[in-house]
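Numbering-wise (the working numbering), the sequence shown opens with residue 43 and increments by one.
Comments concern the structure below.
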Amino acid sequence: MTTDVVIAGGGPNGLLLACELALAGVRPVVLERLPERPTAPKANGLVGRVVQALDYRGLYERFSGSNRPPVPVPGFQFGALPLDLSALDSNALYALPIPQRRTEELLEEHARELGAQIRRGHELTAVRQAADLVTIDVQSPHGHYELAAKFLVGADGAHSIVRKQCGIGFPGVTDHSFVGRSGQVTIHPPVAVLGTGELQVPGVGRFRPATFTRTEKGMFSYGMFQPGLYRVAVYEWAPSPLEDSTVMPLDELRSAVRRVIGGDVPMSEPTGGEPPALRRSAGANSRQADRYRHGRVFLAGDAAHVHSGVGGPGLNLGMQDVLNLGWKLAAAVNGWAPQGLLDTYQSERHPVGQRVIMHTRAQTALLSPGANITALRELFTELLREPSTVRHISDLMAGADIRYDTLTAGPAHAMAGRWMPDVALRTGSGSTRTAELLRPGRPVLLALTDRAGLADAAKEWSDRVDVITAATAEPPADVVLIRPDGYVAWATDTDTPSPADGLRHTLQTWFGDPA
Ligand SMILES: Cc1cc2nc3c(=O)[nH]c(=O)nc-3n(C[C@H](O)[C@H](O)[C@H](O)COP(=O)(O)OP(=O)(O)OC[C@H]3O[C@@H](n4cnc5c(N)ncnc54)[C@H](O)[C@@H]3O)c2cc1C
């Protein structure tokens, strides 16, 4: 059996990649070793630019149930310090509360609709690579088979077999200084304050959901995802290393909460039959693959990077890796990828992963116990009164401080390499917005002033690039060339000399030779 692309791993990142490839006409095969999706809860939601990126694919409505575009949150937290975003004119910290299981169900449904093949119970066991193809050994319920593919993507999670088989290093640190405990529980009144989601702990005080609380003993947080069902997480600094466990007794969670917040939270196993998902995780890893590409093999998501979950950055990072890789890989399969395009996946996304590891480690430091950290938090609190600092931190957490290399020799427009904002547009066929133009997953040349010469220059790429003329009250530039992942490849204003030459050069750099 031979196929174009095999994706190892049917988690959120593998499934989103399957959607992206299928949208571009490639029919990937997803191998997922588990016959059924696990019930243990993982991510509670998506935080950051990825929410808007899903809107740019028309998936936000399916995920949120709302037919309005996403709006940024007015406040967030950095290392359990409040981040007041209300003073900023705009910010990229969007939040979409959705359990990971639901995210995966929706992505799988969409991938299948688009024609991707998803094989559950099929485990990749080995990878061999030749110059023109990758051979994969698969163990399935019907026995062992080989699969040959032009490309393989390891989206097989933190313990990635693909990464190990390719000899890709995973350097970083494992911090054994703390232990996390979590579970899904019922919390009883009067501690559970009916109607508000808050907890009123006698002798301690009031806690709010979806908020981290640092104490001198550790860190406590919880959320309520359906009436009466709470997810509680508590972190303590461990005097001696402990083992990971998924069979932790509930009493261990109760005791850890008592030690950290100094009061009792009455918890019992969920009454609705949901799994208690009690779990002890000793320490945390901050690691990143030393390369994201090895010949015809790529890594994405947790296979490429692991870090603390503080602030919920995992899916924002992983899903945007996938949106970056998907169109490039599809271009290679469809035969128009210019030289070097596939290497820009590593050069663009590896530095973004480094920044996530940096800010999650910085937040872990701010959450640590001790008088020196308390002083550092006071200083940070002062700095966070400055709107420019709030903007810096919120852009960092949202993954919005990215400017990709434009691969042009001369000076680039200020928009080039940056995220294309979602602006309201009027075209000959009515009102629309940027997000809607990008839903087919194709590059878009968006002319916001009458520049017929530039639209003509793009004619030879019309099999790959959509040319759209529109009017807007808030033009970020006269003409913008937008990549399928929502980033601006090139832009021009009236004062740019010979814009048609620059446009043709950019079209060739990113989207290959003219037809
Ligand atoms: C408790 C918890 C809470 C979290 N909360 C958040 C949050 O709120 N927000 C957020 O953004 N992130 C959160 N995360 C992180 C997020 O869950 C991960 O970043 C995400 O699961 C990564 O997705 P992935 O597809 O890369 O990998 P995974 O979800 O690990 O999926 C990998 C898949 O590959 C399969 N697989 C593995 N090996 C093979 C093989 N050899 N062959 C075939 N299939 C294979 C696995 O069975 C699995 O289904 C949380 C994580 C945890 C554990």
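Every residue, glycine too, gets a C-beta built ideally from N, C-alpha and C.
Computed from a predicted structure; not experimentally measured.
Just tell me which of the options has its CA closest to the CA of residue i.
| i | options | result |
| --- | --- | --- |
| Ala468 | Glu478, Leu384, Arg460 | Note that residue 468 is Arg in the sequence shown, not Ala. For the residues Glu478, Leu384, Arg460, the minimum Cα distance to Arg468 belongs to Glu478. |
| Ala82 | Gly356, Gly121, Pro318 | Pro318 |
| Tyr446 | Leu123, Arg110, Tyr334, Ser389 | Ser389 |
| His455 | Asp437, Val521, Thr476 | Val521 |
| Thr448 | His201, Leu545, Arg427 | Leu545 |
| Ala533 | Asp492, Thr476, Met457 | Met457 |
| Arg333 | Phe120, Cys208, His152 | Cys208 |
| Leu236 | Ser263, Leu271, Lys259 | Leu271 |
| Asp437 | Arg91, Val364, Leu357, Val352 | Arg91 |
| Val432 | Ala190, Leu156, Ser132 | Ser132 |
| Arg104 | Ser224, Glu146, Gly117 | Glu146 |
| Leu166 | Val486, Pro411, Val71 | Val71 |
| Phe553 | Pro539, Asp508, Pro541, Ala512 | Asp508 |
| Ala407 | Val398, Leu418, Arg397 | Leu418 |
| Leu101 | Arg296, His152, Ala64, Gly356 | His152 |
| Leu194 | Val375, Ser287, Ser297 | Val375 |
| Gly260 | Ser410, Pro77, Pro269, Ala129 | Ser410 |
Using a Cβ-based criterion (distance less than 7 Å to any ligand heavy atom), does residue i qualify as near ligand 1?
| i | result |
| --- | --- |
| Gly87 | yes |
| Asp344 | yes |
| Leu76 | yes |
| Gly368 | no |
| Leu166 | yes |
| Ser224 | yes |
| Asp198 | yes |
| Asn109 | no |
| Asn55 | yes |
| Asn327 | no |
| Pro317 | no |
| Ala50 | yes |
Residue i and residue j look like a contact to me (Cβ under 8 Å); what is the Cβ gap, rounded to whole Å?
| i | j | result |
| --- | --- | --- |
| Val169 | Ile178 | 6 Å |
| Gly441 | Val530 | Actually they do not touch by this definition, with Cβ atoms about 16 Å apart. |
| Ala280 | Ala324 | 7 Å |
| Glu311 | Val227 | 7 Å |
| Tyr98 | Val115 | So it is not a contact: roughly 19 Å between Cβ atoms. |
| Leu88 | Glu150 | Not quite, the Cβ-Cβ distance comes to about 16 Å (not below 8 Å), so this is no contact. |
| Val204 | Ala50 | 5 Å |
| Ala190 | Thr44 | 4 Å |
| Phe340 | Tyr277 | Actually they do not touch by this definition, with Cβ atoms about 33 Å apart. |
| Gly53 | Gly343 | 7 Å |
| Arg391 | Asn358 | Incorrect: roughly 12 Å between the Cβ atoms, too far for contact. |
Quick one: what does DSSP say residue i is sitting in, helix, strand or coil?
| i | result |
| --- | --- |
| Tyr387 | helix |
| Arg301 | helix |
| Met457 | coil |
| Met400 | helix |
| Thr145 | helix |
| Ser224 | strand |
| Gln242 | strand |
| Pro139 | strand |
| Phe150 | In the sequence under discussion, the amino acid at residue 150 is Glu, which differs from the Phe named in the question. Note: Glu150 maps to helix in three-state DSSP. |
| Ala466 | strand |
| Glu78 | coil |
| Val274 | strand |
| Arg256 | strand |
| Pro541 | helix |
| Leu409 | helix |
| Thr448 | coil |
| Leu127 | coil |
| Asp46 | strand |
| Tyr264 | strand |
| Ser436 | helix |
| Pro21 | The displayed coordinates of the chain run from 43 to 557. Any statement about residue 21 would go beyond what the structure contains. |
| Leu65 | helix |
Any beta-carbon of chain D closer than 8 Å to the one on residue i?
| i | result |
| --- | --- |
| Arg338 | Going by chain labels, chain D is absent from the structure shown, which holds only one protein chain. |
Taking only runs of the beta strand (DSSP E) that begin and end inside the stretch 318 to 378, which ones reach a length of at least 3 residues, in chain order?
Listed in chain order, the complete beta strand (DSSP E) runs (minimum 3 residues) inside the stretch 318 to 378 are 321 to 330, 339 to 341.
Unbroken beta strand (DSSP E) runs of length 3 or more, entirely within the stretch 463 to 534: which are they?
Entirely contained in the stretch 463 to 534, the beta strand (DSSP E) runs reaching 3 residues are, in chain order, 466 to 469, 472 to 475, 486 to 489, 508 to 511, 521 to 524, 530 to 534.
Alpha helix (DSSP H) runs contained entirely in the stretch 167 to 242, provided each spans 4 or more residues
Whole alpha helix (DSSP H) segments, 4+ residues: 203 to 207.
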